[in-house]
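**Student:** Residue numbers (my numbering): 2 to 287. Ideal Cβ placement from N, Cα and C applies to all residues, glycine included. Everything numeric in this text was worked out from a predicted model, so none of it was measured.
(1) Where does residue 98 fall in DSSP's three states?
(2) What are the start and end residues of the alpha helix (DSSP H) that includes residue 207?
(3) Where in the stretch 129-202 do unbroken runs of the beta strand (DSSP E), each at least 3 residues long, occur, reported from the N-terminal end onward?
(4) Note the first and the last residue of the continuous alpha helix (DSSP H) segment covering residue 62.
(5) In terms of alpha-carbon separation, which member of 116, 23, 31 lies closest to residue 271?
(6) Compare the Cα-Cα distances from residue 93 to each of 223, 106, 121, 239 and report the closest residue.
(7) Using C-beta distances below 6 Å, list every residue in its chain close to residue 140, excluding the 5 sequence neighbours before and after it, in chain order.
(8) Relative to the alpha-carbon of residue 231, which residue among 256, 185, 133 has its alpha-carbon at the smallest distance?
(9) Given that a residue counts as buried once 16 or more other Cβ atoms are within 10 Å of its Cβ, and exposed if not, what is residue 256?
(10) If you draw a straight line from the alpha carbon of residue 35 to that of residue 180, how long is it in whole angstroms?
(11) When you compare each of 168, 53, 160, 114 to residue 26 by their alpha carbons, which one comes out closest?
(12) Note down the Cα distance separating residue 262 from residue 163, rounded to an integer number of angstroms.
(13) When DSSP labels each residue in this structure, what does residue 280 get in the three-state scheme?
(14) So what does residue 71 bridge to, in DSSP terms?
(15) In chain order, what residues of the same chain have a beta carbon less than 7 Å from the beta carbon of residue 151, not counting five sequence neighbours either side?
(16) What does the alpha-carbon distance come out to for the pair residue 4 and residue 40?
(17) I'd like to check one pair, residue 226 with residue 195: are the Cβ atoms closer than 8 Å?
(18) Determine the closest residue to residue 211 out of 228, 182, 171, with distance taken between C-alpha atoms.
(19) Taking 8 Å as the cut-off, does the stretch 125-132 touch the stretch 72-80 (at least 3 CB pairs, one atom from each stretch)?
(20) In whole angstroms, give me the CA-to-CA distance for residue 130 and residue 136.
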């Protein structure tokens, strides 16, 4: 039987044990094109600026919760995006099966890190593509895993996640190549709130979201904010860390009880990633 979702006391306990995985931007660059954001960006990343942006985000997060680090590897510029390391729930990790050849060499490093730090590695078919917490997000108000598919993750992944974790998993089909991972356009926030960009999904997926999500806790964003990667955000201790957001969106987040913290990440946007992509929550309760 699936456990009920965490109580307020559980949430406080979760926060006290929270830990976020990051990977230093030592080898970050845009050296190939595997998403629309990378178009015309090869060789245009400012390395010193990227290091500063990454460190700024880390320092903001470390004021709230501990940060664990995985060693960056030469030749793997996108390893900095640890959200794609895998999906973690309790002490079990599903390691990503990357679709793009350029990222597949990251898999053994992430798998090794999870094993070394006490996670049980769940079996996953080699031929089913799945890109971790880039496409699988735990709802913060009900016992649901949301799983995006259509670009990087296969449509078979939601059913497999449900089998592994015994948690209802809802597949959402992504249709806009600019939002190729679920976490670029969909961000479950604590207390059951949802920050998302509806046009990134097909009509049946939008209907699923609205049927399962309390309407009064929906924070829909427009294209301008979506293109700023406002949905690619990290929710920690009432703060929402994100690359940028309009004044109106920041006001809506504050009205919902969150404090938006803008940490500019323009160098990483060139590669198609923001604050959420650069982080992986290692403590997720069942």
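**Tutor:** Answer, in terms of the structure:
(1) strand
(2) 204-213
(3) 137-139, 145-150, 169-174, 187-190, 194-197
(4) 48-63
(5) 31
(6) 121
(7) 189
(8) 185
(9) exposed
(10) 12 Å
(11) 53
(12) 33 Å
(13) coil
(14) 24
(15) 174, 175, 176
(16) Note that residue 4 scores a pLDDT of 34, beneath 50, so its modelled location is shaky and nothing firm can be said.
(17) no
(18) 171
(19) no
(20) 11 Å
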